[in-house]
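Q:
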Ligand SMILES: Nc1ncnc2c1ncn2[C@@H]1O[C@H](COP(=O)(O)OP(=O)(O)O)[C@@H](O)[C@H]1O
Ligand SMILES: [Mg+2]
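Chains as they are written, first to last, in the working numbering: chain A, 2 to 456; chain B, 425 to 681.
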């Protein structure tokens, strides 16, 4: 797979950078870089680092890592990225627009904030906040401390969550006050740039009562061939009656190791929808915890993954129904080619008092080659009564009659295949009621096909 | 040269011979109806012509304007001008009619040439109007959740968009109420002309009141057992296929048209 987002290759041929000599991330969290951070935060970081060091590396024998290629998790080569020079910044910024109309935009590369397109005046007046994490922890300490990494990572990556907390210095803070609806999406870019660079993307999003907001995060590589490590956390807090859409467009190059941990808390009568698009990465793991804490809460967990070559996508999820009358609906669809691997481990847990819960979990794998491998482990744990739950995982191939129908119209085989795969994935993507973003996601998926060598 | 000609075709599936020495020639500009009882092999013939992989051709040849098409892949045959309106069109979840047809039209352009979107939509809407189809159809997934009649209309829409040289319409009338039948027949008649040859497969005579064929063939047990003019259809409507079915086992040699 080649990566369409690789924007800096030509530049780097012109000015090949001197090797930089940052110590590896495993030698300990940043000293100097964190100098401006408040003491309480640095204490948290130190504690997190100790936790990271004390926890064992994942093992395939642990259920949360069953079927995972844990060997891919060797972190010894990764270092903080070097400072970007002007040419690099300009080039990356040129490629950091995906949506034409946005409420605001933040662009990071190797943990450095390259640009911030602020929110429009009316939103600022109404108290909407969009700022780098570093500023939020100074200016909005209370909110920050209440919600930042408030949910422990229980889906396997506690060690990586600790690493993230020890290292995180940049990221996004979004706060939408009561009753405010942010119509246009907020767009955030995270670029990997330096050779073996490590980044720790974070978003802390708090949507207060009856507010509404959509955020899309793009994860991209500036170079086609450079390895990198991304270890990200999303904290999404959906207040009473609020509505949050979160879209993750993961399009790293196929050398990147990526681990992302998501924790969404949905309150009474609120709705949280996440759409995760996984296209890149050598090994990419995504852990998603969705907590339904108030009556009438609804959570939609959507994901599509298109993997080829030796790419591996590893998803672990928990739909945790804590209150009665809550709904969660998970739909993951994966299209695998070549020797790609895909693992899904998911649990629906209906806690003792969460009666009248509706919970669904559906995983569909489309195997486009004989060597692709998909393992799914759906699960249910129901401790309440009057519960409607279903779960199921299936793997299948392209339907021959559908294929013949397209061929009989003169559509060449590779195009027909692409249409059928897109069609398969569209059921997920089209659940997002946001045409501009849906178009964007379709485009990203199409690009991935275009840049595949035709068989 | 200017015809679709099938000579002594024999086709099997799972060691059962279904087309048993069939010959038929359809010159461009003519409409040939094939009528026959259920199970006589009409759909099999249609699918074999378009290259369905399930069937095994054991003998015979099919020439389209002189070119042997049996050696070609299904998509190549289609691009060279062969079209099949399926008896049971597949549902393609998640692929809109607009995208599906755009891919089919794009596939017919010379290498490197991009489809002009405005022209494409203008043509699409014109054909939809002809078939009295609502424009909202373009954003629906191909055939998904369509009624029987909508599926058949969609087949004819594709026929109109792709403008083939030869079209096989397999039971395009089944599942249509009389109003829909008239619309579909109007669509086909508007495409009728010196540049199109049609094989019109039908079970009932009804369709032939609206699309008047140049020739009618009776197919029984994988062979053409009788050919005639359009009045043959009326005779069949009256007498049914029984007289042919009783003789079918006695036919030692394939009946030649
Ligand atoms: N894919 C298939 N597998 C097995 N038998 C088939 C298949 N397709 C057709 N047949 C058999 O071939 C015969 C002719 O079928 P078909 O061509 O559909 O007839 P018609 O269209 O005239 O009703 C039938 O006996 C049918 O059962
Ligand atoms: Mg039939």
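For each residue, glycine too, the CB sits at the ideal point set by N, CA and C.
Just to confirm, is the Cβ distance from residue 284 of chain A to residue 315 of chain A under 8 Å?
A: In this structure, residue 315 of chain A lies closer than 8 Å to residue 284 of chain A by Cβ.
Q: Residues in the segment 405–427 of chain A with C-beta within 8 Å of chain B's C-beta atoms, listed in sequence order?
A: Those would be 405, 406, 407, 408, 409, 410, 411, 412, 413, 414, 416, 417, 420, 421, 423, 424, 425, 426, 427, in chain order.
Q: Could you work out which residues of chain B lie near residue 402 of chain A, taking near to mean beta carbons separated by less than 7 Å?
A: 514, listed in chain order.
Q: Any residues whose CB sits closer than 6 Å to a heavy atom of ligand 1? List them in chain order?
A: This criterion selects B/437, B/438, B/442, B/460, B/462, B/463, B/464, B/465, B/466, B/467, B/468, B/478.
Q: Do you know offhand how far residue 620 of chain B's Cα is from residue 599 of chain B's?
A: In a straight line, the C-alpha of residue 620 of chain B is about 25 Å away from that of residue 599 of chain B.
Q: Does DSSP put residue 33 of chain A in a helix, a strand or coil?
A: Any answer about residue 33 of chain A is weak, because its pLDDT of 49 lies below 50 and its placement is not dependable; what the coordinates show is given next. Looking at residue 33 of chain A - three-state DSSP - the assignment turns out to be helix.
Q: Can you tell me whether residue 145 of chain A is helix, strand or coil according to DSSP?
A: Correct three-state label for residue 145 of chain A: helix.
Q: Can you give me the C-alpha to C-alpha distance between residue 383 of chain A and residue 244 of chain A, rounded to a whole angstrom?
A: Taking the straight line joining both Cα atoms gives about 27 Å.
Q: Could you give the first and the last residue of the continuous alpha helix (DSSP H) run that contains residue 427 of chain A?
A: It spans 414–430 - the alpha helix (DSSP H) in which residue 427 of chain A sits, taken as one unbroken run.
Q: Among residues of its own chain, excluding the 5 on either side of residue 449 of chain A, which ones have a beta-carbon nearer than 6 Å to its beta-carbon?
A: If we look at residue 449 of chain A and ignore the five residues flanking it on each side, its Cβ neighbours are 280, 307.
Q: On a CA-only basis, which of A/429, A/140, A/234 is nearest residue 168 of chain A? Give me that one, please.
A: Among A/429, A/140, A/234, the Cα nearest to that of residue 168 of chain A is on A/234.
Q: Hey, how far is the Cα of residue 520 of chain B from the Cα of residue 451 of chain A?
A: Each residue's Cα considered, the two are about 20 Å apart.
Q: Please report the straight-line C-alpha distance between residue 526 of chain B and residue 219 of chain A, rounded to a whole angstrom.
A: Spanning the two alpha carbons is a distance of roughly 29 Å.
Q: To the nearest angstrom, how far is the alpha carbon of residue 252 of chain A from that of residue 221 of chain A?
A: Spanning the two alpha carbons is a distance of roughly 5 Å.
Q: When burial is assigned at 16 or more other CB atoms within 10 Å of the CB, is residue 542 of chain B buried or exposed?
A: With fewer than 16 other Cβ atoms within 10 Å, it is exposed.
Q: Which residues in the same chain as residue 497 of chain B place their Cβ atom closer than 8 Å to its Cβ, once the five residues preceding and following it in sequence are excluded?
A: So the qualifying residues of the chain are 475.
Q: Check the Cβ of residue 474 of chain B against every Cβ in chain A and list those closer than 9 Å, keeping chain order.
A: Within chain A, the residues near residue 474 of chain B are 405, 408, 409.
Q: Taking the beta strand (DSSP E) that residue 562 of chain B falls in, what are its first and last residues?
A: No beta strand (DSSP E) holds residue 562 of chain B; DSSP gives it neither H nor E.
Q: Need the endpoints of the beta strand (DSSP E) that residue 456 of chain B sits in, please.
A: Residues 455–459.
Q: Residues of chain C with CB closer than 9 Å to the CB of residue 523 of chain B, please, in chain order.
A: Going by chain labels, chain C is absent from the structure shown, which instead holds the protein chains A and B.
Q: Quick check: residue 79 of chain A and residue 230 of chain A, are their CB atoms within less than 8 Å of each other?
A: For residue 79 of chain A and residue 230 of chain A, yes; Cβs fall inside 8 Å.
Q: Have a look at residue 561 of chain B and residue 511 of chain B and give me their C-alpha separation to the nearest angstrom.
A: The straight-line gap from Cα to Cα measures roughly 20 Å.
Q: Are the beta-carbon atoms of residue 408 of chain A and residue 478 of chain B separated by less than 8 Å?
A: Their beta carbons are not under 8 Å apart, which means residue 408 of chain A does not touch residue 478 of chain B by this criterion.
Q: Ordered along the chain, which non-local residues of its own chain (more than five positions away) have a Cβ less than 8 Å from that of residue 509 of chain B?
A: Taken in chain order, the residues that qualify are 576, 579, 580, 582, 583, 591, 592, 593, 594, 596.
Q: Do we get a CB-CB distance below 8 Å when we pair residue 495 of chain B with the residues of chain A?
A: Chain A, which has no Cβ nearer than 8 Å to the Cβ of residue 495 of chain B, makes this no.
Q: At a cut of 8 Å, does the segment 445–463 of chain B reach the segment 373–391 of chain A through at least three beta carbon pairs?
A: As far as the Cβ criterion goes, the segment 445–463 of chain B does not touch the segment 373–391 of chain A, which means the pair count is below three.
Q: Once the 5 residues before and after residue 50 of chain A are set aside, which same chain residues still bring their CB inside 6 Å of it?
A: Around residue 50 of chain A: 30, 167.
Q: Any beta carbon of chain A sitting closer than 8 Å to that of residue 532 of chain B?
A: Cβ-Cβ to chain A under 8 Å: yes for residue 532 of chain B.
Q: I need the straight-line Cα distance from residue 200 of chain A to residue 223 of chain A, nearest angstrom please.
A: Rounded to the nearest angstrom, the two C-alpha atoms are 13 Å apart.
Q: Examine chain A for any beta-carbon lying closer than 8 Å to the beta-carbon of residue 511 of chain B, and answer yes or no.
A: Not one chain A Cβ lies under 8 Å of residue 511 of chain B.
Q: Let's test the definition: count the other Cβ atoms within 10 Å of the Cβ of residue 126 of chain A and tell me whether it reaches 16, buried, or not, exposed.
A: Residue 126 of chain A should be labelled exposed.
Q: Within 10 Å of its beta-carbon, does residue 667 of chain B have 16 or more other beta-carbons around it, so buried, or fewer, so exposed?
A: By the neighbour-count rule (16 or more Cβ atoms within 10 Å), residue 667 of chain B is not buried but exposed.
Q: Classify residue 449 of chain B as helix, strand or coil using the three-state DSSP reduction.
A: It is a strand residue.
Q: Alpha carbon to alpha carbon, what distance is there between residue 329 of chain A and residue 291 of chain A?
A: Each residue's alpha carbon lies about 8 Å from the other.
Q: Would you say residue 498 of chain B reaches chain A, if we count a Cβ-Cβ gap shorter than 8 Å as a contact?
A: Answer yes: the Cβ-Cβ gap between residue 498 of chain B and chain A drops below 8 Å somewhere.
Q: Does any residue of chain A have a CB that is nearer than 8 Å to the CB of residue 554 of chain B?
A: Not closer than 8 Å to any Cβ of chain A, the Cβ of residue 554 of chain B fails to qualify, so no.
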